[in-house]
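Below is one structure; the comments refer to it alone.
Protein chains in written order, with the working numbering: chain A, 3 to 478; chain B, 18 to 114.
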């Protein structure tokens with residue numbers, strides 16, 4: 003059977019009904035990972051995946067029921083799975099082994115998932131192309147000369163290339179949605195707090211969330227219902243009931259109020275994605291949605307706001323990597339200062355160092371008020387501006403990226419140009435609200451564009467409803 | 018807006034704060050790179066936020082758990098990832114004479 007063309011929901015149902023075994027499915031996807039290893043999407047296939055699947059097949063025979071019973075899942079390399087390496091694609095954590103499960107892994111195991119392996123990423127999730135991985139650069143699943151996006155580039159590539167039915171990413175400034183867009187798959191950044199971050203290696207704690215990357219919208223909604231839910235180990239996670247997100251998909255967008263931002267209209271002019279963006283708006287309007295012209299006046303400041311807050315948090319979070327507690331210590335260090343200096347200097351890559359330096363700059367005495375405080379106030383102002391939009395609209399529509407996936411090497415030596423990749427995705431992180439990217443149309447190189455639907459806090463249901471409606475049209 | 022100048026001394030200070038070592042060449046390369054990044058983030062300076070209160074805990078969603086002691090991970094497991102340990106402790110070179 004050709005499992006790679008099946009949806010996650012179909013596959014889960016086939017295994018649950020014992021029409022196919024988990025072992026059969028798991029072996030199939032392992033073979034795919036090996037066959038397509040030139041993509042560099044996967045850093046490691048876990049050696050006990052088959053034995054996990056054998057165990058699960060026995061459980062299913064004995065009546066076990068779970069949303070992911072026997073379904074293989076790939077996780078990003080910054081998500082902890084007990085007893086397995088989680089390197090964040092960094093030399094620093096090359097041999098780090100997780101001592102406990104992240105909440106998301108626990109949630110998946112409870113529903114019967116088989117954790118198949120770990121996916122490549124930009125080091126510590128800092129980057130937009132996986133070129134910052136200390137190990138390999140992942141290729142775009144649709145064009146091997148181009149980047150898969152990042153930082154969850156390995157995960158998005160894996161789903162698009164049929165290496166697994168679903169993969170997990172993390173999104174701090176667009177790291178799920180941008181690679182999903184570049185590989186023609188679906189990725190959501192849930193509401194901040196919707197999914198527990200416990201056991202996910204922190205980069206910018208106040209901005210990031212774990213989310214699923216899938217082939218279609220319904221699979222995504224199905225998977226988020228598994229991942230969501232608070233944990234007492236993460237005080238920023240929400241201890242609220244998790245809805246069945248699939249139940250929000252009604253196939254009817256009549257009367258739905260969708261905002262188009264004036265500021266985005268200006269930025270999008272002349273970009274490759276412009277026509278597709280306007281086509282999707284027209285499609286929604288033709289099908290009964292009410293398109294509302296709205297404004298978030300400080301939209302263009304989301305990028306600088308993010309590039310102050312995120313490095314500030316990163317510099318603090320990465321302070322724990324000192325050559326004493328985790329994994330790496332420089333062989334040439336002879337005293338305690340050397341241990342800090344040399345272990346960090348040898349263990350971190352260029353972009354990570356750049357962001358640590360920038361973080362220390364914006365937090366340091368004399369600059370704190372002008373940068374960090376100002377950015378935090380600006381974040382608050384943006385939330386007020388957005389709340390006015392959400393008081394009259396159900397959702398906001400935005401492009402995910404400015405165009406198709408760019409060429410490998412094209413931006414790697416130009417940090418500013420790489421940072422601008424996040425132009426449209428950062429808004430949702432700065433606001434904390436949920437946002438999905440779905441594939442819509444193609445560019446001149448026949449590669450996909452992504453369109454984002456953003457909604458107010460906890461309104462992932464509305465997002466899935468609109469996204470599914472668009473998907474039906476654009477999937478052809 | 019006037020471009021923020023970055024000096025090599027400033028870069029050295031940041032490297033020290035960051036506990037990172039760089040070659041002289043790398044330090045020099047940071048100067049123009051940092052100026053370009055600051056040109057991007059300096060845009061926030063133009064924004065009027067005088068009527069906004071700063072909120073460090075940015076998402077008013079935090080919930081605390083009950084303050085009840087629970088078992089933590091065993092010491093041996095915690096130390097497994099340390100590059101050097103001795104008698105249940107992290108081990109570093111001698112710090113005091």
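Glycine is no exception: its CB is placed at the ideal position from the N, C-alpha and C atoms.
message: Going by DSSP, what residue range makes up the alpha helix (DSSP H) through residue 18 of chain A?
response: 10-18
message: Quick check: the Cα distance between residue 354 of chain A and residue 200 of chain A, rounded to an integer number of angstroms?
response: 22 Å
- prompt: When you compare only the Cα positions, how much space is there between residue 166 of chain A and residue 75 of chain A?
  reply: 6 Å
- prompt: Quick check: the segment 32-48 of chain A against the segment 56-66 of chain A, are there 3 or more CB pairs under 8 Å?
  reply: no
- request: Could you check if residue 26 of chain B is buried or exposed, using at least 16 other CB atoms within 10 Å of its CB as the buried criterion?
  value: exposed
- prompt: Which stretch, first to last residue, makes up the beta strand (DSSP E) that contains residue 75 of chain A?
  reply: 74-78
task: Could you check how far apart the C-beta atoms of residue 441 of chain A and residue 476 of chain A are, in whole angstroms? I think they sit under 8 Å.
output: 7 Å
task: Give me whichever residues DSSP pairs with residue 451 of chain A in a beta bridge.
output: Partner(s): none; residue 451 of chain A has no beta bridge.
message: Taking CB distances under 9 Å as the criterion, tell me whether residue 39 of chain A reaches chain B.
response: no
query: If you follow the alpha helix (DSSP H) that residue 339 of chain A is part of, which residue opens it and which one closes it?
result: 338-349
- prompt: Does residue 54 of chain B come within less than 9 Å of chain A when only Cβ atoms are used?
  reply: yes
message: Let me check understanding here. Comparing Cα to Cα, which of A/138, A/299, A/413 lies closest to residue 389 of chain A?
response: A/299
- request: Output the distance between the C-alpha atoms of residue 58 of chain B and residue 240 of chain A, rounded to the nearest integer angstrom.
  value: 32 Å
message: Can you tell me whether residue 148 of chain A is helix, strand or coil according to DSSP?
response: strand
- request: State the DSSP-derived secondary structure class of residue 120 of chain A, mapped to helix, strand or coil.
  value: strand
query: Along chain A, in chain order, which residues have C-beta atoms closer than 7 Å to that of residue 45 of chain B?
result: By Cβ distance, chain A contributes nothing, its closest Cβ being about 14 Å from residue 45 of chain B, past 7 Å.
- prompt: Is residue 188 of chain A closer than 9 Å to residue 419 of chain A when the C-beta atoms are compared?
  reply: no
message: If I follow the unbroken beta strand (DSSP E) through residue 216 of chain A, where does it start and stop?
response: 211-216
query: So what does DSSP say about residue 61 of chain A, is it helix, strand or coil?
result: helix
message: Closest to residue 84 of chain B by C-alpha separation, out of A/471, A/234, A/396, A/280, would be which residue?
response: A/234
message: Less than 9 Å between the beta carbons of residue 327 of chain A and residue 334 of chain A, yes or no?
response: no
query: Going by beta carbon distance, what residues of the same chain come within less than 8 Å of residue 118 of chain A, once the five residues before and after it are set aside?
result: 28, 31, 32, 35, 47, 48, 51, 74, 75, 76, 166
- prompt: For residue 66 of chain B, which three-state DSSP category applies?
  reply: coil
- request: Report the residues of the segment 89-106 of chain A with a CB closer than 7 Å to any CB of chain B, ordered along the chain.
  value: 98, 99, 101, 102
field: Residue-level contact to chain A via CB, residue 71 of chain B, 9 Å cutoff
entry: yes
field: Residue range of the alpha helix (DSSP H) that includes residue 463 of chain A
entry: 462-476
field: Whether residue 16 of chain A touches residue 25 of chain A by CB criterion (9 Å)
entry: no
query: When the cut-off is 9 Å and only beta carbons count, does residue 302 of chain A lie next to chain B?
result: yes
- prompt: List, in order along the chain, the chain B residues whose C-beta lies closer than 9 Å to that of residue 409 of chain A?
  reply: Correct list: empty, because the minimum Cβ distance to chain B is about 22 Å.
field: Where residue 113 of chain B meets chain A, residues with beta-carbon distance less than 7 Å
entry: By Cβ distance, chain A contributes nothing, its closest Cβ being about 10 Å from residue 113 of chain B, past 7 Å.
- request: Spell out whether any CB of chain B is found under 9 Å from the CB atom of residue 325 of chain A.
  value: yes
- prompt: Which residues in the same chain as residue 18 of chain A place their Cβ atom closer than 6 Å to its Cβ, once the five residues preceding and following it in sequence are excluded?
  reply: 71
task: Let me know if residue 106 of chain B comes out buried or exposed under the rule of 16 or more other beta-carbons within 10 Å of its beta-carbon.
output: exposed
- prompt: Since residue 95 of chain B meets chain A, which of its residues come closer than 8 Å, beta carbon to beta carbon?
  reply: 101
- prompt: Sorted by chain position, which residues of the same chain lie with C-beta nearer than 6 Å to residue 471 of chain A's C-beta, five sequence neighbours on each side aside?
  reply: 255
message: Using 8 Å for Cβ pairs, my map puts residue 401 of chain A next to residue 279 of chain A. What's the rounded Cβ distance?
response: 5 Å
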